[in-house]
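Novice: This is the structure I want to talk about, given as structure tokens.
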Amino acid sequence: MGIKWDEFFITGDPLILGSQIAILLTMIGAVAGITYLKKWKYLWTEWLTTVDHKKIGIMYIISAVLMFFRGGMDGLLMKAQTSRPEMEFLNSQHYNEIFTTHGVIMILFMAMPFLIGLMNVVIPLQIGARDVAFPQLNALSFWLFFSGAMLFNISFVIGGSPDAGWTSYFPLAGKEFSPGIGNNYYAVALQIAGIGTLMTGINFIVTILKMRTKGMTLMKMPMFTWTTFVTSILIVAAFPIFTVALALMTFDRLYGTHFFTVSGGGMDMLWANLFWLWGHPEVYIVALPAFGIFSEVIATFSRKSLFGYKSMVFSILGIALLSMVVWVHHFYTMGSGPAVNSFFSITTMAIAIPTGVKMFNWLFTMRKGRIKITSAMLWALAFVPCFVIGGVTGVMLAMGAADYQYHNTLFLVAHFHYVLIPGVVFAVFAGLYYWWPKMFGFMLNEKLGKWHFWLFVIGFNVTFMPMFFLGLNGAVRRAYTYSAESGFAPLFMLSAIGSIVLAAGFAVFCYNIYWSIRYADRNISSDPWDARTLEWSTASPVQFYNFAKLPEVKSLDPFWHMKKKNEGLTLHDSEIEEIHMPSNSWLPIYMGVIFGIAGFFLVFEWHIAAAVAGIGIFAGLIIRSFDYNEGFHVSKEEIHRIENAWRKTEGEVHDHVS
Amino acid sequence: MSAKVDTSLPLEYQTEQDRMNILGFWVFLGAEIVLFATLFGVYGVLYERFAGGPTHKDIFVIKDVMIQTVLLLTSSFTMGIAIFEMRRHNLKGLITWLVITLALGAGFLFMEINEFIHYAHEGATMQTSAFLSSLFVLLGTHGAHVTLGIGWATMVIIQLLKRGLTPTTARKTFIIGLYWHFLDVVWIFIFTFVYLKGLVA
Amino acid sequence: MEHHQSKSFPISHVIGFVVSLVLTFAAAGIALKTNLSFKVIMWIIGSLAVIQAGMQLFMFMHLREGEHGKTNLINMIYAVFMVIVIVVGSIWVLTSGHASH
Amino acid sequence: MKKMLLSLTALLPMLILSGCNMVVFEPQGPVARSITELINWSLIWMLLVVVVVFGLFGYIVWKYREKPENKDYEPPEEHGSTLLEIIWTGIPILIVIALTIPTVKTLYALEEAPKGYEEKEPITIHVTSADWKWIFSYPEEGIETVNYVNIPEDTPVLFKMTSASTMQSFWVPALGGQKYTMPKMETELYLVADNPGSYEGQNTNFNGRGYADMKFEVLAQTQEDFDQWVEDVKDTAPKLTEKEYVGLLKPTHLGRLTYSNTHLEWVNHADPDSKAYTNPELYRGHGYQGKTFEEDDNYKNEKPNVIEGHGEDKGHDDNEENHGGDHHGH
Ligand code: HEA
Ligand code: HEA
Ligand code: CUA
Ligand SMILES: [Cu+2]
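Chains as they are written, first to last, in our numbering: chain F, 93 to 750; chain C, 31 to 231; chain S, 102 to 202; chain R, 25 to 354.
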């Protein structure tokens, strides 16, 4: 096969060498540690083969936090490089790889899994179900995502990172201009992860349509469930486009076809078109669940039901529909003519309308409330002003003619960090602080939480606010350096300082997790926030079957009303029935691994090896087809024992702090 | 999940899990439609970019295409009959019609492979031009789906033979039926917007 | 759904099959044997394809059957919306402006 | 929250100080000016939105925050208000309309020679971007420059732009907005400079290692100076040969170059059938190398593959038949 071993590992760069050693040491350490603690069996049976939505959710979140770390490191390196003019810290090639992996990792391997993780943990609980519709498929989704993420991440030590931007525009990303295999990693790893995401979408659509507990009509669903539902629809509508685009990219790069190439009649603009047909909905795929999280958090901590529930639902639907018809705003400057640009300017600006409705509904949810400023709520509060800045600058970009001056400048970079970070990162932080007790049975430290919050929010504004002004002064994105005469230096420096504060905030967050695992009080109530939705009506951490008796719903905010009227909170022995649960399975992780191997060979263009691994994929599918495992039943005694452990007296839901 | 069985419904709809699987498959078909739509869009953009290579009229052979079409249409019909027999709890009829369906599908595949070989002989490969890249990938994706469908249906037939008609096997059969009809629907559009469009005078 | 269990002859399938053959050959005839303009032909055979696809969906795939008839219908309508956005949108965007003169 | 707002306000003066000479707000020609006007218009409305939301936000959060005094206050059940919801749907609709109208007008206007200059005969300059340099051809004058372009003041310049390699974007912020340059196709952009002066132009669309330094100078001159410069170039500059030109297209940085003929004589990269001068080997160098395809210019189809006499009798410039990789007939 002519394997070039001398090119296999990336060598010669001290930063990368350091990472290689660090990775190796971490791996050895992890293996040794698990062996020493004799945890292999536990790991295998409790986590790696699990089909429990809560554990899958937690695995998503852990991966996402790790990816945030990696992506954040990339961000810091970029900030260091541009902190001074003519800086010689990273060379241009290295910078290009870093912003590419930063963008891909942050959006696809941090934001997506973080939100999908929270969805996994929360949605079945919120709708009063025992699991998702297809638990095994859910595990498969996770392992495919994980496999794709790992494949993408090894690129910087083995074979070389992709370096054509997270948008990977052709012709640059084609073989003529990027002959290295870095961009194969992009095409293959995102494909694997994308398939997983697509299946998550299908799974959640069916779960939400079919598994809602008795009485929960669509218009009684919690807002996070609504946004998850609509996001899932967007995933199913948009991800196949990306699947095709990536496949065509793979064909162009590996098999010499001419979809996007310069020669043979290929059309570079077609890639941009397909990428954004997926890419724009993608940014709302990450934004919508985040909006759902804020809705839950704001309602809970204002002690009021969501203002304008119906208009909230309609604006979500409106955003989703509009988001499918705005993609051209990412390439107004491609010259498709004023008619096209006008059309897409209008559709894009129209998204401000439903988003504004949501904004004001949130504000008016708080009005007349009693706003309890916890860490979770702080994130939701900071979201409002920060996202408005991101949103209105989005509207400025949406004006086609004006975009001719902003496009591909740091103004754009500032815009999307101002929507992505408040819109997604703040939301996952809010969600994490909010649902942490539900996941683990103890709370994150509130004091550290506030440090985390202030450092991160201030750092964020200091980092990205200057970029608006740099952009308006002509500083372009993706440039690894700039001249001293440009006059950009002070603002770049300010921005770099901001990113250090930002990183300090993130470090406090990590420390908070560590601290809370070690010291936090384990003896907390199952409903510590005095919350409103069903997930709080069961134990913390949630027992594996979620609900001993599936709750019945009569109104919005069902748990709130159950508490108010004191009904449905008790559990009589006579109500306990056997519960049927799905069994663990090794197939999902097997499929993840085999996909990863096949993908790896494909990246290196070792087609025969890839084909052999491909047979393994089919073997897995066949085994699945013949698998008739019916799951198992939980006995009444076991349920009785588990329920007694957390319900102190019959029917009592623990009192809440506050 | 195995608990409630509603025997007033056709076998494949009797349990909640089966109903969820069927709904899930419909959603998956929605995704498949988007996938093929993207390929059609790509073809629609690139279909006249011959780069000096062969054009539609140089390579399409209408007679073969008509045979392929009739084969696939008939197989969709026989698949319908198979499901019809399933609903009558006629296992033997079901399997017979399934096998006929697969034979027709295999015939279609055989024709398609021959067609590709013929194209290659005319100097029309996937590397020749954008038009041919998009043509091969569109047809190839459909063909790969048919191949997968044949393999999958074979698995289902084996399970039917082993286990007889149960709600689970019935559901699996029903789903492969949906899949097969769907491939036929895609072909109708390939027939119209690739072959006929390319050959219009 | 009941109608299937009782019947012994799959009449709707046979009708569907015949109709699909007729539509197919009609489309081929119009495309290959008439001298209508390209546009007109494409509109006609395009419509025939849509009719035939709809027929398959309702007659063979039992789109409206079961408790999810409505959901399935919405699903398909949404899919058609996506098809239009992707196909028409892409072609429009990539063939106007500088690409069209 | 307070702290955050405070830190924001502390930032502001600094930003404004450095902001008062932002190039986008100092247009040097009618094209850029029309965009700046649009931007200023949008800024007014955006500021309004920001003020309203921030105001409401501050007021509500301050007034209804939990304090020791209101521990027992139980908020009312409240599900919405149709009137309010209509208001905050309606007003944004009006704002969007207010933004749409000038946007669409400007979009159409930017495709034509700017207002007030319709009479003046525009000069045409072909722009060819390559990795990582800008090549300017003056077909009327018969001269060519690399990495700088001289234009007469007060004269509309029609840039006809294409690329010899990747997708790039031509941007001279002081004079107007940007547009992409792409291989085998042509985009057009009008710019006018009010006064003599030097303006920086650059690529904004990332295209690999040399991207950050892909800049050029636009020098606007008086008509006399410009004519003089053209004469000088014609008299003194060397002639460009195809061989030399192929060298120019390699992925390199070049300083300024000047020639007394143009490469359009043998190739116009905007032509859909033009030769692609790609150099895959020169882009190697980072990471594990995959296989590259020999036929970087699709050698297989050098002669149109003619089967059954198709298209043979018709000439190459017949528009109907000559679709070879084209753009639906440029
Ligand atoms: C979570 C992600 C997210 C979100 C939510 C948004 C939201 C929006 N985005 Fe953004 N965008 C990105 C992520 C996101 N974007 C990314 C990642 C890119 C760059 C990708 C790349 O090139 O690498 C990008 C790029 C981008 C561009 C391309 C620019 C260019 O390349 O030149 C444009 C242009 O129109 C745009 C517009 C908008 C608009 C109009 C919104 C709107 O949805 C915003 C709506 C919100 C508000 C307006 C605020 C609240 C509303 C009110 C208070 C009501 C009243 C307001 C008005 C009437 C104005 N975005
Ligand atoms: C969700 C998405 C997301 C998020 C959260 C971020 C977060 C950040 N991004 Fe992001 N960014 C993108 C998505 C995102 N970005 C995208 C899509 C692009 C475009 C890519 C492209 O052009 O192709 C981009 C591009 C981009 C650029 C532009 C590059 C260029 O065009 O030249 C820059 C430059 O500064 C940047 C910086 C940052 C920084 C500093 C953060 C920070 O918020 C990161 C904060 C996180 C940390 C800092 C975590 C690490 C913390 C530590 C390491 C602390 C130390 C710990 C201990 C001591 C224990 N990003
Ligand atoms: Cu790009 Cu024509
Ligand atoms: Cu967008």
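Glycine included, each C-beta is placed from N, C-alpha and C at the ideal position.
Using a Cβ cut-off of 9 Å, which residues of the region 179-191 of chain C contact any Cβ in chain F, in chain order?
Specialist: Under the 9 Å Cβ criterion, the region 179-191 of chain C contributes G181, W182, M185, V186, I188, Q189.
Novice: How would you call G194 (chain C), buried or exposed, if buried means at least 16 neighbouring beta carbons within 10 angstroms?
Specialist: Here residue 194 (chain C) refers to the residue found at position 164 when the second sequence is read from its first residue. It counts as exposed.
Novice: Which partner residues of F456 (chain F) appear in the DSSP bridge assignment?
Specialist: Within the first sequence, residue 456 (chain F) is the residue found at index 364, counting from 1. Answer is none; F456 (chain F) lacks a bridge partner.
Novice: Consult DSSP for S38 (chain C) and reduce its assignment to one of helix, strand or coil.
Specialist: The residue given as residue 38 (chain C) occupies position 8 in the second sequence. Looking at S38 (chain C) - three-state DSSP - the assignment turns out to be coil, as it is neither helix nor strand.
Novice: Any heavy atom of ligand 6 closer than 7 Å to the CB of I443 (chain F)?
Specialist: Ligand 6 is absent from the structure shown, which contains only ligand 1, ligand 2, ligand 3 and ligand 4.
Novice: Report the start-end ranges of each alpha helix (DSSP H) in the region 57-97 of chain C that is 4 residues or longer and not cut off at the edges.
Specialist: Those alpha helix (DSSP H) runs which fall completely within the region 57-97 of chain C and span 4+ residues are 86-89.
Novice: When you compare each of F:G371, F:H664, F:F456, F:V322 to G104 (chain R) by their alpha carbons, which one comes out closest?
Specialist: Working through the fourth sequence from its first residue, we reach residue 104 (chain R) at position 80. Looking at the Cα atoms, F:F456 is the closest of the given residues.
Novice: Under the assumption that L301 (chain F) contacts T172 (chain S) (Cβ atoms under 8 Å), give the Cβ distance between them as a whole number of angstroms.
Specialist: Sequence index remark: in the first sequence, residue 301 (chain F) carries index 209 (1-based). Sequence index remark: in the third sequence, residue 172 (chain S) carries index 71 (1-based). Sure, about 7 Å apart at Cβ, within 8 Å.
Novice: Looking at chain F, which residues of the region 63-83 of chain R have a Cβ within less than 8 Å of any of its Cβ atoms?
Specialist: Correct list: I63, S66, L67, M70, V73, V74, V77, F78, L80, F81.
Novice: Residues of the region 77-90 of chain C with a CB closer than 7 Å to any CB of chain F: list them in chain order, please.
Specialist: Cβ contacts with chain F: R79, F80, A81.
Novice: Mind checking who V726 (chain F) pairs with in its DSSP beta bridge?
Specialist: Translated into positions along the first sequence, residue 726 (chain F) becomes position 634. Answer is F:I671, bridged to V726 (chain F).
Novice: Is the Cβ-Cβ distance between T353 (chain F) and G274 (chain F) less than 8 Å?
Specialist: Numbered from 1 along the first sequence, position 261 holds the residue referred to as residue 353 (chain F). Numbered from 1 along the first sequence, position 182 holds the residue referred to as residue 274 (chain F). No, Cβ-Cβ distance for T353 (chain F) and G274 (chain F) is not below 8 Å.
Novice: May I have the straight-line CA-CA distance separating G147 (chain S) from L103 (chain C), to the nearest angstrom?
Specialist: What you label residue 147 (chain S) is simply residue 46 of the third sequence in a count that begins at 1. What you label residue 103 (chain C) is simply residue 73 of the second sequence in a count that begins at 1. Whole-angstrom Cα-Cα distance: 17 Å.
Novice: Taking just the CA atoms, how far does T85 (chain C) sit from G209 (chain F)?
Specialist: Indexing the first sequence from 1 puts residue 209 (chain F) at position 117. Indexing the second sequence from 1 puts residue 85 (chain C) at position 55. Each residue's alpha carbon lies about 50 Å from the other.
Novice: Mind checking the region 102-115 of chain C against chain S and listing, in chain order, the residues whose C-beta falls within less than 7 Å of any C-beta there?
Specialist: Against chain S - using a Cβ distance shorter than 7 Å - the residues of the region 102-115 of chain C are L103, S106, F107, G110, I111, F114.
Novice: At the level of alpha carbons, what is the spacing between V186 (chain C) and I714 (chain F)?
Specialist: Here residue 186 (chain C) refers to the residue found at position 156 of the second sequence. Here residue 714 (chain F) refers to the residue found at position 622 of the first sequence. Spanning the two alpha carbons is a distance of roughly 10 Å.
Novice: Leaving aside the five residues before and after E697 (chain F) along the sequence, list all residues of the same chain whose C-beta is less than 8 Å from its C-beta, in chain order.
Specialist: On the first sequence, residue 697 (chain F) is found 605 positions in, with the first residue counted as 1. Same-chain partners within the cutoff: I273, N276, L346.
Novice: Taking C-alpha atoms, which residue in F:P620, F:S587, F:Q112, F:G410 lies nearest to L168 (chain F)?
Specialist: The residue labelled residue 168 (chain F) in the question sits at position 76 within the first sequence. Looking at the Cα atoms, F:S587 is the closest of the given residues.
Novice: Output, in chain order, the set of chain F residues within a Cβ distance shorter than 9 Å of G271 (chain R).
Specialist: Residue 271 (chain R) sits at position 247 when you count from the first residue of the fourth sequence. Here the premise fails: no neighbours, minimum Cβ distance about 18 Å.
Novice: Enumerate in chain order the residues of its own chain whose CB-to-CB distance from H119 (chain C) is below 8 Å, with the five nearest sequence positions on each side excluded.
Specialist: For the purposes of this step, residue 119 (chain C) is taken as residue 89 along the second sequence, with counting starting at 1. Around H119 (chain C): L41, L195.
Novice: So is N553 (chain F) buried or exposed if we call it buried at 16+ other beta carbons inside 10 Å?
Specialist: Along the first sequence, one-based indexing puts residue 553 (chain F) at 461. Classification for N553 (chain F): buried.
Novice: Would H114 (chain S) count as contacting chain R if we go by Cβ distances under 8 Å?
Specialist: What you label residue 114 (chain S) is simply residue 13 of the third sequence in a count that begins at 1. Not one chain R Cβ lies under 8 Å of H114 (chain S).
Novice: When the distance is taken between beta carbons, is I149 (chain R) closer than 8 Å to T179 (chain R)?
Specialist: Numbered from its first residue, the fourth sequence carries residue 179 (chain R) at position 155. Numbered from its first residue, the fourth sequence carries residue 149 (chain R) at position 125. Taking 8 Å as the Cβ cut-off, T179 (chain R) and I149 (chain R) do not qualify as a contacting pair.
Novice: DSSP state of K203 (chain R), grouped into three classes?
Specialist: Sequence index remark: in the fourth sequence, residue 203 (chain R) carries index 179 (1-based). Reduced to three states, the DSSP call for K203 (chain R) is strand.
Novice: Hey, how far is the Cα of L140 (chain F) from the Cα of K202 (chain C)?
Specialist: Counted from its first residue, the first sequence places residue 140 (chain F) at position 48. Counted from its first residue, the second sequence places residue 202 (chain C) at position 172. Answer to the nearest angstrom: the Cα atoms are 28 Å apart.
Novice: Whose C-alpha, out of F:W543, F:K460, F:A114, F:D223, is nearest the C-alpha of I246 (chain F)?
Specialist: For the purposes of this step, residue 246 (chain F) is identified with residue 154 of the first sequence, where counting begins at 1. Checked all of F:W543, F:K460, F:A114, F:D223; the closest Cα to I246 (chain F) is F:A114.
Novice: Report the residue from F:V449, F:T573, F:A337 whose alpha carbon sits nearest the alpha carbon of P177 (chain F).
Specialist: Residue numbering aside, residue 177 (chain F) sits at position 85 when the first sequence is read from its first letter. Checked all of F:V449, F:T573, F:A337; the closest Cα to P177 (chain F) is F:T573.
Novice: What number of angstroms, rounded off, separates the C-alpha of D259 (chain R) from the C-alpha of P176 (chain R)?
Specialist: If you number the fourth sequence from 1, residue 259 (chain R) lands on position 235. If you number the fourth sequence from 1, residue 176 (chain R) lands on position 152. Their backbone Cα atoms lie some 19 Å apart in a straight line.
Novice: If I follow the unbroken alpha helix (DSSP H) through T317 (chain F), where does it start and stop?
Specialist: Indexing the first sequence from 1 puts residue 317 (chain F) at position 225. That run of the alpha helix (DSSP H) goes 315-347.
Novice: Check whether the region 159-166 of chain R touches the region 219-239 of chain R, taking contact to mean three or more Cβ pairs, one atom from each stretch, closer than 8 Å.
Specialist: No contact exists between the region 159-166 of chain R and the region 219-239 of chain R.
Novice: Since I believe F161 (chain C) is in contact with G357 (chain F) (beta carbons under 8 Å), could you give me their beta-carbon distance rounded to a whole number of angstroms?
Specialist: For this step, residue 357 (chain F) is matched to residue 265 along the first sequence. For this step, residue 161 (chain C) is matched to residue 131 along the second sequence. About 7 Å separates the two Cβ atoms, so the contact holds.
Novice: Along the chain, where does the beta strand (DSSP E) that runs through P54 (chain R) open and close?
Specialist: The sequence position of residue 54 (chain R) within the fourth sequence is 30, counting from 1. From DSSP, P54 (chain R) is part of no beta strand (DSSP E) but of the alpha helix (DSSP H) over 54-88.
Novice: Would you kindly work out how many angstroms separate the C-alpha atoms of R57 (chain R) and I185 (chain S), rounded to a whole number?
Specialist: One-based indexing of the fourth sequence puts residue 57 (chain R) at position 33. One-based indexing of the third sequence puts residue 185 (chain S) at position 84. In a straight line, the C-alpha of R57 (chain R) is about 38 Å away from that of I185 (chain S).
Novice: In whole angstroms, what separates the C-alpha of N292 (chain R) from that of L215 (chain R)?
Specialist: Here residue 292 (chain R) refers to the residue found at position 268 when the fourth sequence is read from its first residue. Here residue 215 (chain R) refers to the residue found at position 191 when the fourth sequence is read from its first residue. Between N292 (chain R) and L215 (chain R), the C-alpha separation is close to 22 Å.
Novice: Tell me, please, whether the CB atom of P100 (chain R) is closer than 8 Å to any CB atom in chain F?
Specialist: Residue 100 (chain R) sits at position 76 when you count from the first residue of the fourth sequence. It does; some Cβ of chain F falls within 8 Å.
Novice: Mapping DSSP to helix, strand and coil, what is G225 (chain R)?
Specialist: Walking along the fourth sequence from the start, residue 225 (chain R) turns up at place 201. Looking at G225 (chain R) - three-state DSSP - the assignment turns out to be strand.
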